Amino acid sequence: LFAGTADFVSAAPSLGSLPPMRGVEIAFAGRSNVGKSSLVNALTGRNTLARTSHTPGRTQQLNFFDINGRFTLVDMPGYGFAAVEKAKVAAWTELIHAYLRGRANLARVYMLIDGRHGLKTIDTDVLDGLDKAAVSYQIVLTKGDELKKSEVSARIRGVEAALARRPAAYPEVLLTSSRDARGIAELRASIARLVAE
Ligand code: GDP
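Adding 16 to a residue's 1-based position in the sequence shown gives its number in the UniProt record's numbering.
Here it is, written out as C-alpha cells:
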C-alpha cells in the first residue's frame, strides 16, 4: 500500500481550493511538534511529504498527497503553536471545521498525541470539534520511545479512560515511535483496513 510513489496533489489555504473528493481520504492532525512529520515519513518512507508541509506558507494549510493512487493522505496544520496570532488561529479553525464537516470521503482522522504528555486541554478541544462534526478518529500516541516500559500501559489506559467519557466508540489507542518504529506496522494496518473497505 505504501511502497511506491507519493505525489503532492495540492495545498488548500481556503475551502474554495480543496481538491475534488476522490477515493478514500485519511488525515493526520496534532499539536505542533507532536512528531507528525516524522511519523508521516516513517509511515510512507518518504521525506518529501513532511518537508512540503514544513515549507513556509504551507504550514498553515491542508496538504493533500496521493499515495500510489490508492488513497489520499491529508496533512493538517499543527495546532496550539503559541507564536501564531489570533487571526490566524481563527482562520485555521474555520478551515478545519469546514473541511471536516464537508468531506464525505474522509474515512478517519489520526489524532496524534505526544506520548510523553497524554491529552492536553487543546487536544480535548479538538476532539470536541471532531465529535461535534461526527468525524471518526483514532488516537495515535507519538514518541513512545521516550516512555519507560512501565509507563506505557498506564498512559494508554489514561487516554482510553478519557475517551470512554466521550459520546462515540473509538478504535484502539496506538502507541508509536518514529525513532524505533514501534507501532508503525499497526498504524499501516489500520489505514489499510480503511482503504480496503
Ligand atoms: P511536527 O511539528 O508535528 O511535524 O513534529 P516533527 O516531526 O517535526 O518532530 C518534532 C520534534 O520531535 C523533533 O525534534 C523530532 O526529532 C522529535 N520527534 C519526532 N518523532 C519522534 C519520536 O518518535 N521519538 C522521539 N524521541 N522524538 C521524536
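Quick reminder that beta carbons are idealized off the backbone N, C-alpha and C, glycines included.
A quick note: this is a predicted structure, and the numbers were derived from the prediction, not measured.
- When Arg204, Leu111, Ile138 are compared, the shortest CA-CA separation from Thr192 is found for Arg204.
- Three or more Cβ pairs drawn from the region 107 to 127 and the region 149 to 161 lie within less than 8 Å of each other, which places the two stretches in contact.
- In the three-state scheme derived from DSSP, where H, G and I count as helix and E and B as strand, Arg195 is classed as coil.
- Asp91 sits close to Phe44, with the two beta carbons spaced by under 9 Å.
- Contiguous alpha helix (DSSP H) elements confined to the region 19 to 84 occur at 52 to 60, 63 to 70, taking only those with 4 or more residues.
- Boundaries of the beta strand (DSSP E) harbouring Val156: 153 to 158, taken from the DSSP string.
- Two segments are said to touch when three or more pairs of C-beta atoms, one from each, lie closer than 8 Å; by this definition the region 76 to 95 touches the region 19 to 39.
- For Val211, the closest alpha carbon among the candidates Asn121, Lys159, Trp108, Ser194 is that of Asn121.
- In this structure Ala149 is not in contact with Ile42, their Cβ atoms being roughly 16 Å apart against a cut-off of 8 Å.
- For Val105, the enclosing alpha helix (DSSP H) starts and ends at 102 to 118.
- Straight-line measurement puts the Cα of Ile207 at about 25 Å from the Cα of Glu162.
- Residue pairing of Ile129 in beta bridges, as defined by DSSP: Leu157.
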